[in-house]
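A.B. asks:
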Amino acid sequence: MIHFVTALDCEARPLIHRYGLKPCGSHGRARFFANDMARLVVSGVGELRSAIATTALACRFPNSGKIWLNVGIAGHRDAAIGSGFIANRVSSDNSKDVYFPQIVARAPWPGIETRTLRAPSTGYQPNCLFDMEAYGFYSAALAVSTLEFIHVFKAVSDNATNAAIKTLDKEAVSESIATHLEQIEFFAQKTLENQVIEEISDWVKVARLEVQSTHRLSETDKHSLNEKLGQLSHLLDESDRKDFSNRLIGRDKRGVFDLIEKEIDKLSSQHLCPGNRCLR
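Residue 100 in the numbering used here sits at position 100 of the sequence shown, with consecutive numbering throughout.
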């Protein structure tokens, strides 16, 4: 079962048509669509609305599956209009926390940071998408699923040459999403096929205890360490885990966290496939 979260009707329309989804109620401004194959909610614009709608969809259909996809549009400094990206880092101008989606299936799009803003902006940054919902979606979806099953896909709607304007071309948005429907479906299916063990591995427990025994950690540090080691355990081959544990020895607290984050970034990028070469 796939759960889709979109901000706009024009983003949702191609998905509703592709999967044959039917209206099935609402929660505030959020509107639900569903059938036996997929669930979808149109949230409205903004990080908070996206978080509320994601939570509402999960409550409406509890225990219906783990795949969660935020599908929508975003701005990029120089990428072509309509080109697609998958988030390998989800950040916000409203929070210092950052999420690193765990991509266990090869993605048919390049990976990129997706930064959620409180208001539209044309102050584009290199190698970064601007949107207004991804962070809220991701924060809420983590309550009902796990990093390897929660992903953000964005089609570029504006760039430095074609900056966002007040009137959105809804037909163009629908067309840009529709162009990627086969890839979206492919990626969701491959993600399901590549499910990984969700329980915390013995390696995570040992590595966590080793770090905690040599460093003074706050509760926030402990939570972050556990989450990041969990991510890393899925990305490292079993034969590489012992070697990585040895690399943690002798580092100060900041060095430990920096090394873990760099390794996650490096290994996550290896699961990404530029262009459409992986779509077969």
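Positions of the beta carbon are idealized from the N, C-alpha and C atoms, including for glycine.
1. What would DSSP say about residue 80, mapped onto helix, strand or coil?
2. Exposed or buried, residue 98, counting other C-beta atoms within 10 Å across all chains shown (16 or more means buried)?
3. Consult DSSP for residue 137 and reduce its assignment to one of helix, strand or coil.
4. In or out: residue 228 buried (at least 16 other Cβ within 10 Å) or exposed?
5. Since residue 99 sits in a beta bridge, which residues does DSSP pair it with?
6. If the criterion is Cβ atoms closer than 8 Å, does the pair residue 70 and residue 5 meet it?
7. Give a yes or no on contact between the region 117-133 and the region 201-209, applying the rule of three or more CB pairs nearer than 8 Å.
8. Which stretch, first to last residue, makes up the beta strand (DSSP E) that contains residue 230?
9. Could you give the residue range of the alpha helix (DSSP H) that holds residue 131?
10. If you run the structure through DSSP and keep just helix, strand and coil, what is residue 7?
11. Please confirm if the region 5-21 is in contact with the region 175-182, defined as three or more CB-CB distances below 8 Å between the two stretches.
12. Under the DSSP definition of a beta bridge, which residues are partnered with residue 62?
13. With DSSP as the reference, identify every bridge partner of residue 23, one or two as the case may be.
14. Where residue 212 and residue 261 are concerned, what is the direct C-alpha to C-alpha distance, given to the nearest angstrom?
15. How is residue 216 classed by DSSP in three states: helix, strand or coil?
16. Would you call residue 76 buried or exposed, if buried means 16 or more other Cβ atoms sit within 10 Å of its Cβ?
17. Would you report the Cα separation of residue 141 and residue 152, rounded to the nearest angstrom?
18. Between the Cα of residue 48 and those of 250, 145, 138, spot the shortest distance and give me the residue it belongs to.
19. Please report the distance separating the alpha-carbon of residue 45 from that of residue 53.
C.D. replies: By the coordinates alone:
1. Position 80 of the sequence shown holds residue 80. Three-state DSSP puts residue 80 in coil, outside helix and strand.
2. One-based indexing of the sequence shown puts residue 98 at position 98. When all chains shown are included, residue 98 counts as exposed.
3. Taking the first residue of the sequence shown as position 1, residue 137 is located at position 137. Collapsing the DSSP output to three states places residue 137 in a helix.
4. As a working note, residue 228 is residue 228 in the sequence shown. So residue 228 counts as buried.
5. As a working note, residue 99 is residue 99 in the sequence shown. Checking the DSSP bridge columns, you'll see residue 99 partnered with 90.
6. Working through the sequence shown from its first residue, we reach residue 70 at position 70. Working through the sequence shown from its first residue, we reach residue 5 at position 5. For the 8 Å CB-CB criterion, residue 70 and residue 5 form a contact.
7. With the rule of 3 Cβ pairs closer than 8 Å, the region 117-133 does not count as touching the region 201-209.
8. Within the sequence shown, the letter at position 230 stands for residue 230. No beta strand (DSSP E) holds residue 230; the alpha helix (DSSP H) holding it covers 219-235.
9. On the sequence shown, residue 131 is found 131 positions in, with the first residue counted as 1. Judged by DSSP secondary structure, residue 131 falls outside any alpha helix (DSSP H) and instead within the beta strand (DSSP E) spanning 128-131.
10. Position 7 of the sequence shown, counting from 1, holds the residue named residue 7. It is coil, neither helix nor strand.
11. Yes, since at least three Cβ pairs between the region 5-21 and the region 175-182 fall closer than 8 Å, the two stretches touch.
12. As a working note, residue 62 is residue 62 in the sequence shown. The secondary-structure analysis by DSSP pairs residue 62 with nothing; it has no beta-bridge partner.
13. On the sequence shown, position 23 is the one that residue 23 refers to. In DSSP, residue 23 forms a bridge with 33.
14. The sequence position of residue 212 within the sequence shown is 212, counting from 1. The sequence position of residue 261 within the sequence shown is 261, counting from 1. If you draw a straight line from the Cα of residue 212 to the Cα of residue 261, it is about 17 Å long.
15. On the sequence shown, residue 216 is found 216 positions in, with the first residue counted as 1. The answer is coil: DSSP assigns residue 216 none of H, G, I, E or B.
16. The residue labelled residue 76 in the question sits at position 76 within the sequence shown. Buried is the call here.
17. Along the sequence shown, one-based indexing puts residue 141 at 141. Along the sequence shown, one-based indexing puts residue 152 at 152. Looking at the two C-alpha atoms, the distance is approximately 11 Å.
18. Against the sequence shown, residue 48 aligns to sequence position 48. Relative to residue 48, the option among 250, 145, 138 whose CA is nearest is 138.
19. By 1-based counting over the sequence shown, the position of residue 45 is 45. By 1-based counting over the sequence shown, the position of residue 53 is 53. Each residue's Cα considered, the two are about 11 Å apart.
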